[in-house]
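When you line the sequence shown up against numbering that gives the first Met the number 0, it's residues 0 to 90, in that order.
Beta carbons are placed, not taken as given, at the ideal position from N, Cα and C, and that holds for glycine.
First the structure, in the form of structure tokens, and then the observations on it.
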Amino acid sequence: MYGFPTIPRIRWKALQCPGGRTALLQTLRLSPAQVRRGRLLRTLEEYEWSAGSAARGLHTSEPDLLDRLRRAGLGALLAPGLLGRHRRARL
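See the structure below:
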């Protein structure tokens with residue numbers, strides 16, 4: 000609508016008045032960690048929250064994906080016990 004550039008780390012927000020005039024135009028710069036978390040979440044959603052399928056979509060192994068999710072602070076979103084089973088399997 001506004002022809003904003005597509006930059007992965009920048010999010011644009013625009014609010015319009017009823018007459019179509021722009022009332023607020025704001026940008027938000029995302030940190031690299033936020034971009035990585037967003038990519039992980041989008042991939043999980045794309046593969047219907049299947050860790051194995053999402054790992055294949057990211058060209059990595061399931062254990063590596065689970066490690067990345069844990070490090071990104073997203074481990075609580077996974078099925079209960081999945082990270083525990085993964086840790087025991089790696090020992």
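Assign residue i to buried or exposed, taking buried as 16 or more other Cβ atoms, counted over all protein chains shown, within 10 Å of its Cβ.
i: Y1; result: No answer about Y1 holds up, because its pLDDT of 46 lies below 50 and its placement is not dependable.
i: L14; result: exposed
i: L68; result: buried
i: L76; result: exposed
i: F3; result: Residue confidence is low: F3 scores 45 on pLDDT, short of 50, so the model does not pin down where it sits. Its coordinate-derived value is still stated next. Exposed.
Under the three-state reduction of DSSP, which class applies to residue i: helix, strand or coil?
i: A93; result: There is simply no residue 93 to check, as the chain begins at 0 and stops at 90 in what is shown.
i: A13; result: strand
i: A27; result: The amino acid at residue 27 is misidentified as Ala; the sequence shows Leu. L27: strand per DSSP, three-state reduction.
i: R70; result: helix
i: H58; result: coil
i: M0; result: Low local confidence applies: a pLDDT of 45 at M0 is under 50, so the model's placement there is unreliable, with the coordinate-based value given in what follows. In this structure, M0 counts as coil in the three-state DSSP scheme.
i: E45; result: helix
Taking the alpha helix (DSSP H) that residue i falls in, what are its first and last residues?
i: R20; result: No alpha helix (DSSP H) contains R20, which DSSP labels as neither H nor E.
Compute the beta-carbon to beta-carbon distance between residue i and residue j, rounded to the nearest angstrom, for a pair I have assumed lies under 8 angstroms.
i: L73; j: R36; result: 6 angstroms
i: L92; j: A71; result: Shown here, the chain extends from 0 to 90; a query on residue 92 therefore has no answer.
i: A54; j: S60; result: 6 angstroms
Using alpha carbons as the reference points, say which of the options lies closest to residue i.
i: G56; options: L43, V34, R28 and L68; result: L43
i: H85; options: A75, D66 and L76; result: D66
i: A50; options: Q33, A32, R87 and L82; result: L82
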